[in-house]
Amino acid sequence: MTALENTSPAARGRRRWRRLNASMLVGGALVALVVLAALVSFVWTPHDAVHVDAAHRLAPALSDGYLLGTDKFGRDVASQLLVGARTTLFVGIVAVGVAALVGTPLGVLAGMAGGWLSEIVMRANDLLFAFPALLLAIMLGAVFGASTLTAMIAIGVATIPAFARVARGQTLGVMHTEYVLAARAAGRSRLAIALRHVLPNIASILIVQASVSFAIAILAEAALSFLGFGTPPPTPSWGRMLQESQELLFSTPRLAFLPGLAIALAVLGFNLFGDGLRDWLDPKLREHR
Amino acid sequence: MGLYLLVRAAVLVVSTAVASVVVFAVMAVLPGDPAEVALGVNATPEAVAAKRAEFGTDRPLVTQFLDWVSGLPTGDFGVSYVTSDHIGPQIVDRLGVTLWLVLFGMLTALVVAVPLGTAAAVRHRSVGGLLLSGLSQVGVAVPAFLAGILLVFLFAVTLRVLPSGGYTPLGEDPGAWFQQLLLPSLSLGLVQGAVLSRYVRSAVLDVMREDYIRTARAKGLGLYRALWRHGARNAAIPVVTVLGLQLATLLIGAVVVERVFTLPGLGSLLLDGVANRDLLLVQGTVMVLVVAVLAVNFLVDVLYAVLDPRLRGAR
Amino acid sequence: MTRPLARLVAVIATVTLAITAAGCSSGTSGDSATGSSLSVGFVAEPANLDFTSTDGAAIPQALLVNVYEGLVKLDQDGKIVPLLAESWEVSPDRKTYTFHLRDNVTFTNGKTFTADDVVFSINRVKTDWKVSLKSAMDVVANVEKKDDTTAVVTLTKPSNSWLYRMTTRIGAMFSRDGVADLANTPVGTGPYKLESWRRGDAITFSANDSYWGTKPKLQKVVLKYFKDATALNNALLTGGIDVISAVQAPESIQQFSDTSKYEVIEGTTTGEVVLSFNNSKAPLNDPRVRRAIRHAIDHKALLDTAWAGRGQLIGTMVPPTDPWYEDLTGLYPYDPAKARDLLAQAGQTRLNLKLRIPNLPYAVASAQVVKSQLDAVGITVDIEPLEFPARWLDVVFKQADYDMSIINHVEPRDVTAVFGNPDYYLRYDSPRVQELFAKADAGTEEEQVTAMKEAARIISEDAAGDFLFLFPNLIVAKKGIAGLPKNLVSESFDLSVLSPSEA
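Protein chains in written order, with this note's numbering: chain A, -11 to 277; chain B, 3 to 317; chain C, 128 to 630.
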């Protein structure tokens, strides 16, 4: 892990603004696009995304007011993609939220406490690491029935170790800085130190982790929907759109191509944004990645 | 070193034990009585009771757990409720398919990542290098099953040069075996290759700054040759450890890829087991996958220790 | 590009080409339709090979008629014809059946088939079988051997359905020494015997050299199983299989439009895709609500979107291949206004219904159309896909914890089982219908047809379920394969009549 430099945070911050990099801009733009699509879908979609219309099935793009055409149910593809963005973001936010809310305190605790407590937390973490999202989701899906909720929880729980590790690593670094040492000498409580000094200092790297985890969550949701363990119909989900249009790959490739592209762009966006953010926060690493 | 390994091995054993409890517990709350499922609808209560006794599901959970877990070390996973077959041999049989897939997937990843990552590092300041980096980012963003669907569409359905799926054991027909594994391995490996190439890039970048490379170049060696002669081993250390961690990802990714290509591997066994409510089969399959991941992590830890003795004390 | 890099790319390209070329030269793998072997793609793999203890259509589909044979079987037109019994007589009171058996039949374990095996097999249904279907044998009072080639079965009451059921798996003849390992080692008298079974992949049958009847034209048949509809299609496109036994992605059928290479066979099955209602539970215990739903569904649009227009609208639980079929699609024409009226009468203007479906392609597709169409009349539907078979069987079938479901009732002549038993998961309890079924079973052939027709009409009028469409028999095969059935009338897929293409 990268040790934090001794320069004051404020000074570093001023310099950062001049280093906004391409990864961050491109990634940020893609992420913004997905967020925008999701937000727009709340107030407006060109058509009802789930309305079945036998008379207009498989309409080509740019016909009858269907910008991207319709699928075999006669549903508007553009509307489905917009609402699908909402599903994707929703799954990502809940999954990453669960992971961050559980993983971060565990990591900080392990980093601050050290000793056997740290050891236990990290070993439990390793154990959890052995239950990948897909495996958890299939197990949960088998027990409770596949739903968006089981998928989100499975992905979230499987992502906890990533947050705990990063949080612990960063906390270890922060614990040796002068201001934390000073606070400890002043007799501040551990909780106060964690809240006042540790969390603010590791927040940025956690945001990087969140962005990368978000990308992984999107991929996991798509794979689960493909296997039938994800978002149930008819709620539009990019993964299921892809799965449903597989039989039409031969005649109407657009139906599989568009959701595939949406998934890839969203993942690319979050990955690039995370990478760019990391470089921006820590210029020394820039050459490396 | 010895102590470190001992501790790591103990952790592995304890983790496996805890994992077995977790897996059993999750499966125990699974709705649906296996006896009733096996007998189908309208079964008489007596028949169900008899079947429960036959399966042993009428015993207390703790007894069932101990019975199950004590068989694991010897590869005895119990007898399936659905097929009445021993599960152990089935898992071994399917594991064979999955391991080949994972192995080929890993080779694909290496074949993709090493040249791509090296080139991206060497040319990291040029447009070409930037493009290669971008290419790897795009590769990372493509789900393995999508890659699979596209590869089938291209190579099997359109070009008709490779089969679209299925599996022939190596012993029956090595040619068919290889052809049938090719596309699945590619779909699994290409994406992981893209991930790995980014680590290769940064490892090569590190090595390029080292003095010995500069010296070698000063002696007139070309950059690639210098890297190959003097930098390869040093760059390999981080790459190999990442590759180890990726093994786990490949193992799980195989579940999805097996579905796309109808490969009778561990993943299809797991999904079939879930569909048929073959409790013991699901339990056994999940356990094998989890232990595989734990074992890989253990090996990576050991590798760390062997490659870098300084790490012995830490973590 | 620097030179070393260019060289590297060239190397990779060469290797890739070499590999693909190797793939090309040795041709695509899999059994092709050459000589006397065929491979047929299926969707549902049997969990084991024992239909005496395990439910599900996949086992008899593979084994019945091919490996196991009964005394009688159904021909292509759905008529009962001799198989292991050369002929039979029915007593005037229609309670005693005398079967005259063929004398040249042997099991694949070498034993000769005699009347003792008939007695053994029929009694074994009552004593050892564990599936619910075994109740079809309850009506048998006694079975005895008269001599080696004559068996006499006595029923407790006249029953038309009994002889018919004898054509299904219930009537399969087992060897007295061949039931030790039914799950893995079937022993029958059929034209094929099990050669191997690679779980999760394929079952291989080889011709039974000592078969008593016309020897099959194929030495070997491979039944290949696919979880994924697209993978099944791709297998035929790339030569991995020769026949798709049942297309699961009908939209893709135009991939096979090249008539010089492929042949598409389309006919009927005995599978009625039913939108089943929980008739005993509010709000669907109110016939007005059920009728409203039937009026709210545009069946033509549903079939067109959900199953690419393949299949037939029937409006009843009886397939066209049964003698008492009647087209009842006119009973509930698409009429959303009337549906709203009925809902208003029932005081149910803001309904919320749970649609719990098996996670099978036809059900998932149909459910989305049903939801959208019911939405239009003010009924909110929550779709919940359940893992099939286990979870669906448990939640819907066993516990009847559902409002509506969608399932393809595939068993032949299942209208009596589905609507004649108030404990069945649709919980439909009509004394009049039950009475008619009893009358049909006991009566003459003519009485049977009349009574069944009336019962089926009452069921449809009552809106005990909505009959979405008749599942099509949709087979795609390589050009020139003969013997594929146009209509499926039984629960088996007869492989013995297939013959390979000339190519």
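The beta carbon of each residue, even a glycine, is placed where N, CA and C say it ideally should be.
Here's the rule I'm using: 16 or more other beta-carbon atoms within 10 Å means buried, otherwise exposed. How should residue i be labelled?
i      : result
C:D408 : The displayed chain sequence assigns Lys, not Asp, to residue 408 of chain C. It is exposed - the Cβ of C:K408 has fewer than 16 other Cβ atoms within 10 Å.
A:L260 : buried
B:E260 : buried
B:Y342 : Examination of residue 342 of chain B is not possible in this model, given that chain B is present from 3 through 317 alone.
A:A279 : Examination of residue 279 of chain A is not possible in this model, given that chain A is present from -11 through 277 alone.
B:L5   : exposed
A:H164 : exposed
C:F598 : buried
B:V31  : exposed
C:D621 : buried
C:G150 : Low local confidence applies: a pLDDT of 40 at C:G150 is under 50, so the model's placement there is unreliable, and no value is given.
C:G157 : Reliability fails at C:G157, whose pLDDT of 39 lies under 50, so the model's placement of it is uncertain and no value is given.
B:Q181 : buried
B:V13  : buried
C:D550 : exposed
Could you work out which residue in the options is closest to residue i when comparing CA atoms only?
i      : options                        : result
C:D569 : C:S166, C:P219, C:S180, C:S323 : Residue identity check: residue 569 of chain C is Ala in the sequence provided, not Asp. Of C:S166, C:P219, C:S180, C:S323, the residue nearest in Cα terms is C:P219.
B:A49  : C:L321, C:S180, C:F169, C:L176 : C:S180
C:A565 : C:V252, C:A242, C:S288, C:D230 : C:S288
C:D449 : C:T225, C:V245, C:L210, C:Y291 : C:Y291
B:V99  : B:P266, B:A19, B:F26           : B:P266
B:Q194 : B:G177, B:E212, B:P145         : B:P145
A:A29  : A:R74, A:V90, A:L207           : The residue asked about is misnamed: residue 29 of chain A is Ser in this sequence, not Ala. Of the candidates A:R74, A:V90, A:L207, the one whose C-alpha sits nearest the C-alpha of A:S29 is A:R74.
C:L595 : C:I533, C:I586, C:D589, C:Y552 : C:I533
A:L21  : A:G264, A:L269, A:I204, A:V255 : A:V255
B:Y306 : B:L273, B:L268, B:L245, B:T264 : B:L245
Run through the DSSP bridge pairs and tell me what residue i is partnered with.
i      : result
C:Y389 : C:K605
C:F524 : DSSP lists no partner for C:F524.
C:R325 : C:A329
C:Q439 : C:L597
B:L268 : Paired residues: none, contrary to the question.
C:Y319 : C:A334
C:S626 : C:A609
C:H227 : C:S214, C:T277
C:T125 : What the structure shows of chain C is the stretch from 128 to 630, and residue 125 of chain C is not part of that stretch, so it cannot be assessed.
C:E511 : C:R483
C:T395 : C:P599
Taking the continuous beta strand (DSSP E) assigned at residue i, which residues delimit it?
i      : result
C:H536 : 531 to 536
C:N479 : 478 to 485
A:S177 : Note, A:S177: premise wrong, no beta strand (DSSP E); not H, not E.
C:V349 : 347 to 352
C:V208 : 207 to 209
So residue i packs on residue j, CB below 8 Å; how close in whole Å?
i      : j      : result
C:V258 : C:V270 : Not confirmed; about 20 Å, so no contact.
A:P241 : A:Q68  : Contact doesn't hold; Cβ gap of about 16 Å is too wide.
A:W100 : A:R178 : Just to set this straight, residue 100 of chain A is Met in the shown sequence, not Trp. Yes, they are in contact, since the Cβ atoms of A:M100 and A:R178 sit about 6 Å apart, within 8 Å.
A:T138 : A:V84  : That belief does not hold up - the Cβ atoms of A:T138 and A:V84 are roughly 16 Å apart, past 8 Å.
B:S270 : C:K351 : With 8 Å as the limit, B:S270 and C:K351 do not qualify as a contact, their Cβ atoms being about 13 Å apart.
A:A155 : A:V96  : 5 Å
B:L198 : B:Q248 : 7 Å
Identify the continuous alpha helix (DSSP H) that holds residue i and give its terminal residues.
i      : result
C:L165 : From DSSP, C:L165 is part of no alpha helix (DSSP H) but of the beta strand (DSSP E) over 164 to 169.
C:A276 : Note that residue 276 of chain C is Thr in the sequence shown here, rather than Ala. Where C:T276 is concerned, there is no enclosing alpha helix (DSSP H), given that its DSSP letter is neither H nor E.
C:V542 : 542 to 546
C:L622 : Here C:L622 belongs to no alpha helix (DSSP H), and DSSP marks it neither H nor E.
A:S11  : 10 to 31
C:F564 : 558 to 569
B:T76  : Here B:T76 belongs to no alpha helix (DSSP H), and DSSP marks it neither H nor E.
C:L633 : Summary: the structure shown does not reach residue 633 of chain C, with chain C confined to residues 128 through 630, and so no result is reported for it.
C:V199 : Run containing C:V199: none in the alpha helix (DSSP H); it sits in the beta strand (DSSP E), 199 to 201.
B:E48  : 47 to 57
B:A189 : Residue identity differs from the one stated: residue 189 of chain B is Ser in this sequence, not Ala. Where B:S189 is concerned, the enclosing alpha helix (DSSP H) stretches over 176 to 210.
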